[in-house]
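**Student:** First the structure, then my questions, so here it is.
There are 4 protein chains.
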Amino acid sequence: MSSMWGNLLTISIFGESHGPTIGVVIDGLPSGHHLDLDDIRAFMKRRAPGRTAWSTPRVEADEPQIVSGLFEGYTTGTPLTALIQNTDTRSGDYSELQIKPRPGHADLTGMVRYDGFNDPRGSGHFSGRLTAPLTFAGAVCRQILKQHKIQIVSHIKEIAGISDLPMDTVNPDVAAYAALADKPLPVISDTASEAMQAAVLDAKTNLDSVGGIIETMIVGVPAGIGNPIFDGIESRLGSLLFAIPAVKGVEFGDGFAVTKRKGSTNNDSPVFSSAGIRLMTNHGGGVDGGISNGMPISFRVGFKPTASIGREQQTINLKTKTAETLVIHGRHDPCIATRAVPVVEAVAAIATLDLLLEAEGRRPLAQRGQSN
Amino acid sequence: MSSMWGNLLTISIFGESHGPTIGVVIDGLPSGHHLDLDDIRAFMKRRAPGRTAWSTPRVEADEPQIVSGLFEGYTTGTPLTALIQNTDTRSGDYSELQIKPRPGHADLTGMVRYDGFNDPRGSGHFSGRLTAPLTFAGAVCRQILKQHKIQIVSHIKEIAGISDLPMDTVNPDVAAYAALADKPLPVISDTASEAMQAAVLDAKTNLDSVGGIIETMIVGVPAGIGNPIFDGIESRLGSLLFAIPAVKGVEFGDGFAVTKRKGSTNNDSPVFSSAGIRLMTNHGGGVDGGISNGMPISFRVGFKPTASIGREQQTINLKTKTAETLVIHGRHDPCIATRAVPVVEAVAAIATLDLLLEAEGRRPLAQRGQSN
Amino acid sequence: MSSMWGNLLTISIFGESHGPTIGVVIDGLPSGHHLDLDDIRAFMKRRAPGRTAWSTPRVEADEPQIVSGLFEGYTTGTPLTALIQNTDTRSGDYSELQIKPRPGHADLTGMVRYDGFNDPRGSGHFSGRLTAPLTFAGAVCRQILKQHKIQIVSHIKEIAGISDLPMDTVNPDVAAYAALADKPLPVISDTASEAMQAAVLDAKTNLDSVGGIIETMIVGVPAGIGNPIFDGIESRLGSLLFAIPAVKGVEFGDGFAVTKRKGSTNNDSPVFSSAGIRLMTNHGGGVDGGISNGMPISFRVGFKPTASIGREQQTINLKTKTAETLVIHGRHDPCIATRAVPVVEAVAAIATLDLLLEAEGRRPLAQRGQSN
Amino acid sequence: MSSMWGNLLTISIFGESHGPTIGVVIDGLPSGHHLDLDDIRAFMKRRAPGRTAWSTPRVEADEPQIVSGLFEGYTTGTPLTALIQNTDTRSGDYSELQIKPRPGHADLTGMVRYDGFNDPRGSGHFSGRLTAPLTFAGAVCRQILKQHKIQIVSHIKEIAGISDLPMDTVNPDVAAYAALADKPLPVISDTASEAMQAAVLDAKTNLDSVGGIIETMIVGVPAGIGNPIFDGIESRLGSLLFAIPAVKGVEFGDGFAVTKRKGSTNNDSPVFSSAGIRLMTNHGGGVDGGISNGMPISFRVGFKPTASIGREQQTINLKTKTAETLVIHGRHDPCIATRAVPVVEAVAAIATLDLLLEAEGRRPLAQRGQSN
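Chains as they are written, first to last, in this note's numbering: chain E, 18 to 389; chain C, 18 to 389; chain X, 18 to 389; chain L, 18 to 389.
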C-alpha cells in the first residue's frame, strides 16, 4: 500500500503535479462531526504556495472540493473525498527531465521503479504538491482532535543553522504557540525570524536553497494511547513523517541530544500534580514504550535544502550516456521547511486520530442538530 | 497490529521478560532457503547479554528452537516459528514495580494502557528481551538477502559523545565493516573504542548509564526498490527502527546535518561508472522519493541512556499517592547501544526483504538438492 | 478499512448515490499497461442501468474520468483514479427514508452505525451505484490479466428458479462464454433466457422482484497462486464477493452440492495431459488448500431479490414509534442479478491480479513504445 | 499475510501436522479478562479427534500451553500465545506423498506453490490439525463475547443429505442450542442424528467419506456493528470461514434459497417490540449492508466429503510421469463436518470480537480483583 495509509482511519492520496486533479479519500472518520470549512481553508493556506517573498510563484487556489462523506455539513462516517484541481500547470517540454535527471530528485528512482512509465511532469506523483491533499486530511483530523482537547502546535526551530528559541515541552503556552501560525514565519523569536528570512532570500538570490528543522508538539493526548513493539506512537508518526518529501531525520523528545546524556539526567521522573500524574521533565517527548504518558508529544523533523536550485549542476544524459550539466528553470521554493509546517501538523493529526479511534472506538462526538 | 508487522513478509513477536517462552512467527519467507543455524546463533550472540565487562549479568543461552517452517534444513515458505526459553528469570518480588514506577520506563504507560493487567515482571512485553526473537527474524532475513548480494553492516558511531571515524557511504569496504562484529565493540577506531569502553565502565561505576548512536548501511539494494508517499524505504525502516526500545531518533543519509546545508552542496549528482549509474556523493543515504537509488542505504539511530540505573531516583508511590525515591536493583546494561547493533541490523534486514519480495515476487532462490 | 481493500493491489471506493461524484483509487497497478478505454467503457456498459426493458430508468452515462495514474495512455504504476459524475439524481424529499426504513435495505443499520449522520439519499454509500467504480477497477485489472492469458467469463445460472444450461468447468469454450456478454442476458440457453426475462418482467408488473445466481470462471490462472490458511483464493474472493450488495451466498466448484456427495465421487484426480498436469474433473473449482491447481476457478454467487419493490410493505415510523406501511416509489431493478454479472467479474479480476502480483512481483508487461 | 489475520484483533497460526509444536499468537485482546481454562479445554475437546466411533484414531491431548499474554489468570492485553504439542505423529515414510499426490488434497498445489519445499508429512501446514490453535483462539474470544452477552450456537444441519430440524433464527432458544454440544452429534432431532451417524459409519465401512453442512448463529450482537462495502460482517466472516479446510460454500440467512424468492416474501420488515426494534423475519441473517441489524447473525457452511478415503483412487506418479493408483492408509475422519462445529464457532467468535473492538474501542471488561 504505497499511497494508502492507516488502520482504522485510512487515507488514500492520488494525483500528479501536472494532472488535472489531485485528492484524498479519508475512510473511517467518526460520523457526526460538523466540518468547519473556513478553518480547513485557513489551515491549507499555511501550506499553499505564493505567500511569501521567496516562495514559488506557482499560484494554486488549493480549494478542496468535497465530493463525498459530508452531508448537510456533518461527516457521514463513510469515505470523505476531497478533490483539488491543478490549475496553474505549465508542463511545457518535460522531455529534458526524462533524459537529464535532476540531482536530489526522484527522477532516476521513479524511472527505474516504474520502468519509465511514471508521469515526469513536475515530479508527477512524487511532487510536493501531493502534500496539499495530505494537509486537507490533516485539517479534518485536527478539527476532530480539538473536540477531544488535543491540539497540535509547531514552530520552525531552525533554518540554515539559525535557531529559534526553544519550545517549552513541559508546560507549553499552547495558545501562544498556536498564534505563531499568523506570523510571516512561525518562529517564536522575531530576531531569529528575520535572520531566517534573510538567509532564505540570500539563498534565493544565489540560485540556491537552505534546509531547516520543524518542531511540533501534540498537546492533550491522554496517557495510555499507543502500543508496544511495532505500533508505538513513534513508529506510526515516524512512518508518516518520513513520507513527507525532503524529510531526512525524525527525533522524539530531546532526540539525538539524549545520546550524549547520562541516564541520571535524562530520565523523566513522575510527580503528583493537581492535574494528576505528570512528569517533572519531558526529555522523552511524551512517549514511553510506544505509549503516551500524558505529557506533550514532542518531535523534530529535519528537511533537506530544496533539491531544485537554479545553479548549474552536474548530471548525466540518459540518451547519450554522457556526463552533462543541468540548469533547472521553473518555480521552486528556496526553503521547503517554511511551507512544510502544516504538513507536519497534518500527519501528526492523522496518526493521533487513528490511535485515538483504536483506543476509544468510533463513538460519535455529536448528535445531529447540536452545535459542536 | 501491535506486535505483528509487515506486508508480504510478516512477523509476530510474543512473550514477556519473565514468562516461560518468548518467540517469533515469520510468515511469507521464500521457500527453499537452506538455513545456516550456526550463522543465526553467531548473529544472535552479538545481541546476547553477558558478553562484555559491563553488560547485564543475566545469562540467557538464547538458543532458538525452530518448531515450524523448516523441513530438512530448508525453509518451507509456511510460517517459521522460533521459541526461545527464558531460563535466568528471577522475578522475586515485583510488587514494588507496580507501586513505584521507574522513571524512563513503560511502567506507568503500560499500567494505564492495559488497566493494570500487563505483566510487570522485568518490564514484561516491553522488555528489551523481546529484541531476541526480533534478532532471530532478522538473522533469517539477512541470510536470504546475502544470496541477493545484499549486506548489512554497522558500527557504533558514538557513545557518550565519543565519536568513531566516519563510515564511507559511497565506496564502502563492506568486508572490513562486516569484520567489526568480531571486535569487543564494533568501532572502526580502536582509540575511540577504548574511550567508549572507559566511558561505559565509568557510568557503570557511578551507577549511571550512557547513550549512543548506531550507524548502519544496507549495501547492494538495487535501484528501484521502495515506493512513493507512505510506503517509502525511510517510512518502513523508520517505523521498525522506532520499535526498538530506547530509540529516540532516526536519520537517513547525512540526516539532520543536511538541514544546515545549501542545496548546491547537498544534492547528489549522478554519474556513469563501470557499475552503471551511480551518485558522486551519498548525502541522501541511498533513497530518493522513498525509492532506492542503488547507493548504500545509510542511516543512524540514536539510543537514549539506559533508563534503569542504580542511583536513587525521584518517583511516586501509586498506593500512598505521595512522592517517593526509588533505587533500582537488578541487572541492567549501562549502555544499551552496545548490544543493539544486531537488533538494528535485524530490522533493516526484515524491512529490506519485505520490500524486495514486493518487487520481485516470491520466486525461490534454490531448488531442493542444490547447494546454496 | 471499510471502503479500501487489498494487499499489493489496493482499491479505495468512495461516493454516495446522490452525491456529485463517485469514484475509485487503484494503487499498486503494474506500470506500462496501455489502457484500452473503449474496452473499459464496453465492460462498464454491461453494468450500467437502462439497458433492458425492465431495468431502472435511471440513466447514467457512467463515463469514467481518469484523473491520475495514466500518462500518454499507459499506467504509471502510481494511483490510478477514476471519477464518475452522478448526473441523474432526483433526491427530492428523502426525509421519509429517515423515518420509515425500507425493509431489506441498510436504512436502519446505516442509521445506527453512523448515528443518523449517513447520507440517506438513494441509499447513500450503501447504494448499488457504488458498484460502478468497482466495475471500473475490475475492467482495468481484467485487461492486465488478459495479457497474462487469464480470462474471466460468466453466465446467469438461475433467475427466479429458472436454470441455464451448466457451464463446462473442465474444458470450457472460453470464447463462447465470453460472447454471452453480447446477448440481452448472458445465458447459454435461449429458451432459459426467455423464461428468465418473462419472470423478471412478470415480477416488475407485479411490483415485485426476483433473485438469481451468477456463475463465473477464472480461466488461465497458473497452478500455485494463492496461500494456505487465511489468505487462500476462496477467502479473498469470498471476502470481495460478499461486498457486492445483495449477495447472500458464495460457493466454489460444486459448492453446497458436494455436501451430499461421497469422497469417492467428489475427489478430482490428477492426470498427465499435453497441457501438463490437469484434473480429470473439477468439483473443487480449481482450488486446493487455498491455492490454484491450474483448472478453471469456478464459483457461484447468490443474489437476493431486489429489496426495493413497489408493493406496500410493513415497516415502522421512527418518529411516531408506531407500525406503518410503506410504498417505495422511485427507480429500481426487479432483478439485480441481471446487471451484477460484470460486478462479479470485476471483483474476480481485482482479487486475481492482487494474488498474481504477490506471486510474480511487479515486473512490467511492456516497454514504452511497444504496442501491447 | 497468509497465516495471520485481523485488524485490531490479530491472530497468527503456525505449525505443521507432524512438526513438534503448533500454535497461535493472539494480539489485540482486551486486557483484564479472566480466562477460564476449563471452558477452553471443553470447547477444544469438541474438535479433538478420537471422540466418536468413526473419528480418526489419532489421539492428541490438545492441551494448550499458554506461554505469554496471561498473568495471574488475566489477559494482559499483549500477545497471548498458546503452544500445542504434537505427540501422536507417525510420519513413517512420506516419500510416496511427494510422488503420488492425493486427489482432493493440497499435495500438488502446495508443491507448486512452495517449489517442493513445503512439509509434506500429514499435509504439513495444510493439515486440518491447524484448526486446533484456531479453535483455541476462538475459545478465548468466545469467553470475552459472552461477557458482552454474545453467544454462538450451532448444529449440524445436514450430513450425507440427511437434514436436521431447522433452527429458529428469529426467536432462538439459545440455551437449548448451546446444550446440543453435549450430544454425540450437535443435532436437534435425535432421529436425524441417528440417521447421520449411520451414514457416517456406512461411509467408513465402505472406505469412503461424506460431506455435511453446519449452521451457526451469533446471538446478541447489537445493531450497528460492521461496515459497508469491503468490510461488512459477511465479508469478514466469509473470508475466515473459507479458511477452514474443506469448506466449499458459505451462505448467510436463507442464503441461496432466497435466489428463488420474490422480494415481497424475502424482505424482513422491522417492528417495535419490548426489546426495541426487531425484524419480523430473519431471511437476511441479521446483516443489512454489511452491518448487524440486531437479529441473530445466521449462516451455513458446506463441507466437502473428507478427501482422504481408503479406496483405491486414480492419481499420477510425478517421478515416472505416468498414471497410477493410490490407496491412502493412515487415519482420517469419514466426515469432517462432525468435528468442524467448534472450528466454525471459533472463527465466528474471532471475527465478531474484532468487529466489536473496532466499534467499542479497547475498554477493559473488568478490574483486577473483581470476579467476572
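Beta carbons: idealized from backbone N, C-alpha and C, even for Gly.
On the CB-based measure, 16 or more other CB atoms within 10 Å of its CB, does Q164 (chain L) come out buried or exposed?
**Tutor:** exposed
**Student:** Evaluate V344 (chain C) with the Cβ neighbour count: other Cβ atoms within 10 Å of its Cβ, from every protein chain shown; 16 or more gives buried, anything less gives exposed.
**Tutor:** With fewer than 16 Cβ atoms within 10 Å of its Cβ, V344 (chain C) is classed as exposed.
**Student:** Is N188 (chain E) close to chain X, meaning its C-beta is less than 8 angstroms from at least one C-beta of that chain?
**Tutor:** no
**Student:** In chain order, what are the residue ranges of uninterrupted alpha helix (DSSP H) at least 4 long that sit wholly in the stretch 246-290 of chain E?
**Tutor:** 250-258 and 280-283
**Student:** Please return the same chain residues whose Cβ sits closer than 7 angstroms to the Cβ of V358 (chain X), not counting the five positions on each side in sequence.
**Tutor:** By the criterion of a C-beta distance shorter than 7 angstroms, V358 (chain X) is surrounded in its chain by R63, S171, I173, P203 and I231, once the five residues flanking it on both sides are discounted.
**Student:** Counting only the same chain and skipping the five closest in sequence on each side, list residues whose C-beta sits under 6 angstroms from that of I83 (chain C).
**Tutor:** Excluding sequence neighbours, I83 (chain C) sits near A99.
**Student:** Would you be able to state if there are at least three C-beta pairs under 8 angstroms between the stretch 145-165 of chain X and the stretch 27-46 of chain X?
**Tutor:** yes
**Student:** Mind reading off the beta-carbon distance from I246 (chain E) to L147 (chain C)? Whole number of angstroms is fine, and I expect it under 8 angstroms.
**Tutor:** 7 angstroms
**Student:** Where in the stretch 101-175 of chain L do unbroken runs of the alpha helix (DSSP H), each at least 4 residues long, occur, reported from the N-terminal end onward?
**Tutor:** 112-116, 124-130 and 148-164
**Student:** So, helix, strand or coil for E89 (chain C), using DSSP?
**Tutor:** Three-state DSSP puts E89 (chain C) in coil, outside helix and strand.
**Student:** Residues of chain L with CB under 8 angstroms from A376 (chain E), in chain order?
**Tutor:** Chain L residues near A376 (chain E): G378 and R379.
**Student:** Is G266 (chain E) buried or exposed, if buried means 16 or more other CB atoms sit within 10 Å of its CB?
**Tutor:** G266 (chain E) counts as buried, since no fewer than 16 other beta carbons sit within 10 angstroms of its beta carbon.
**Student:** When the distance is taken between beta carbons, is F273 (chain C) closer than 8 angstroms to G319 (chain E)?
**Tutor:** Yes. Within cutoff.
**Student:** Consult DSSP for I294 (chain X) and reduce its assignment to one of helix, strand or coil.
**Tutor:** I294 (chain X) falls in the strand class under three-state DSSP.
**Student:** Give the secondary structure of S48 (chain C) by DSSP, where H, G and I count as helix, E and B as strand, and everything else as coil.
**Tutor:** coil
**Student:** Check whether chain L comes within 8 angstroms of L25 (chain E), counting only Cβ atoms and requiring the distance to be less than that.
**Tutor:** At least one chain L Cβ lies under 8 angstroms of L25 (chain E).
**Student:** Mind pulling the chain L residues with CB within less than 8 angstroms of T95 (chain E)?
**Tutor:** P245
**Student:** CB-CB under 6 angstroms to S29 (chain E), same chain, minus the five flanking residues each way: which ones, in chain order?
**Tutor:** M21 and V42
**Student:** For N283 (chain L) and chain X, any beta-carbon pair shorter than 8 angstroms?
**Tutor:** Between N283 (chain L) and chain X, the shortest Cβ-Cβ separation is below 8 angstroms.
**Student:** How many whole angstroms separate the CB atoms of K221 (chain E) and P351 (chain E), which I take to be in contact at a CB cut-off of 8 angstroms?
**Tutor:** The Cβ separation is near 4 angstroms, so the contact holds.
**Student:** When the Cα atoms are used, what is the spatial distance from A59 (chain X) to A65 (chain X)?
**Tutor:** 10 angstroms
**Student:** For chain L, check one thing: does any of its Cβ atoms lie closer than 8 angstroms to the Cβ of V129 (chain X)?
**Tutor:** yes
**Student:** Where D225 (chain E) and T332 (chain E) are concerned, what is the direct C-alpha to C-alpha distance, given to the nearest angstrom?
**Tutor:** 17 angstroms
**Student:** What does a CB cutoff of less than 6 angstroms around A240 (chain C) pick up in its chain, not counting 5 residues either side in sequence?
**Tutor:** In chain order, S309, N310 and G311 place their CB closer than 6 angstroms to the CB of A240 (chain C), counting only its own chain and leaving out the 5 sequence neighbours on each side.
**Student:** Got a sec: which bits of the stretch 301-329 of chain L sit with their beta carbon under 9 angstroms from any beta carbon on chain X, in order along the chain?
**Tutor:** G301, G302, V304, D305, G306, G307, I308, S309, N310, G311, R317, G319, F320, K321, P322, T323, A324, S325, I326 and R328
**Student:** When you compare each of L:L87, L:V304, L:A196 and L:F88 to R130 (chain X) by their alpha carbons, which one comes out closest?
**Tutor:** Minimum Cα distance to R130 (chain X) is reached at L:V304.
**Student:** Chain X partners of I294 (chain L), CB-CB under 8 angstroms?
**Tutor:** Neighbours of I294 (chain L) on chain X, chain order: L125 and I333.
**Student:** Please state whether the Cβ-Cβ distance between F269 (chain L) and Y91 (chain C) is less than 8 angstroms.
**Tutor:** no
**Student:** If we cut at 8 angstroms on Cβ distances, does L373 (chain L) have a partner in chain C?
**Tutor:** Judged by the 8 angstroms Cβ criterion, L373 (chain L) is not in contact with chain C.
**Student:** Cβ of P37 (chain X) less than 8 angstroms from any chain E Cβ?
**Tutor:** yes
**Student:** Is the beta carbon of A354 (chain C) less than 8 angstroms from the beta carbon of G249 (chain E)?
**Tutor:** Cβ distance not < 8 angstroms, so A354 (chain C) and G249 (chain E) don't count as in contact.
**Student:** Bridge partners for S315 (chain X) per DSSP, in chain order?
**Tutor:** X:M234
**Student:** Please list, in chain order, the chain L residues whose beta carbon lies closer than 8 angstroms to that of T98 (chain C).
**Tutor:** F31, G32, T38 and G40
**Student:** What residues from chain L crowd round V157 (chain C), counting only those whose CB sits closer than 7 angstroms?
**Tutor:** Going along chain L, no residue has its Cβ under 7 angstroms from V157 (chain C), so there is no contact; the nearest lies around 14 angstroms.
**Student:** Ordered along the chain, which non-local residues of its own chain (more than five positions away) have a Cβ less than 8 angstroms from that of D53 (chain X)?
**Tutor:** Q160
**Student:** Could you give the distance in angstroms between the alpha-carbon of T323 (chain E) and the alpha-carbon of F88 (chain X)?
**Tutor:** 26 angstroms
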